[in-house]
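Asker:
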Amino acid sequence: MSEKIKALQIIHLAICAGTIIAYYILGDLSIEKLRIPTIDSSSAVYVLIPVLAFVLSSFLFKSQLKQINPKLKLEEKFPIYQTASILRWAVLEGAAFLILILKPEFILFGILVLIYLIFLRPTAERIDNDLSDSNN
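Numbering-wise (the working numbering), the sequence shown opens with residue 1 and increments by one.
#1: I want to know whether the segment 81-92 touches the segment 35-47 - three or more CB-CB distances under 8 Å.
#2: Report the CB separation of T19 from A90 in whole angstroms; it is logged as a contact under 8 Å.
#3: Please state whether the Cβ-Cβ distance between F78 and K4 is less than 7 Å.
#4: Within this structure, are the beta carbons of L13 and I49 separated by less than 7 Å?
#5: Going straight from the alpha carbon of I111 to that of L8, what length do you get?
#6: How many whole angstroms separate the CB atoms of E93 and I11, which I take to be in contact at a CB cut-off of 8 Å?
#7: Kindly give me the distance between the Cβ atoms of L102 and Y24, rounded to whole angstroms, as I take these residues to be in contact under 8 Å.
In structure tokens:
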């Protein structure tokens, strides 16, 4: 089982590293850019991108986990968990790239999404907790 967790951790690392590299290259980061931009009616939708990404990724993740038969062994549950995790990360990564490409002035919000994505690193304990929570 530890090999499967390692593989999922490598996938997570690749997603995070790719996004970080893109932010470093395309983001042109500076202290001036890392401030909260003025939000008007035309840019309010860009503030919603990270919020919607968080809600959508959590909803999709939990709905995938609810499909797991609780009678299955952990090894049999893991492929569904892996799919749910990758789907969750893809939504967050997509939101981070949308912000970076469509509205670079809101890069701070993209960085917050990226930080959240980094904190979702899969561990044996997190996997056990997520799979036990899905059975309730």
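For each residue, glycine too, the CB sits at the ideal point set by N, CA and C.
Answerer: Inspection of the coordinates gives the following:
#1: no
#2: So it is not a contact: roughly 11 Å between Cβ atoms.
#3: Closer than 7 Å, so yes.
#4: no
#5: So the alpha carbons of these two residues sit roughly 22 Å apart.
#6: Not confirmed; about 11 Å, so no contact.
#7: With a Cβ gap of about 18 Å, L102 and Y24 do not count as contacting.
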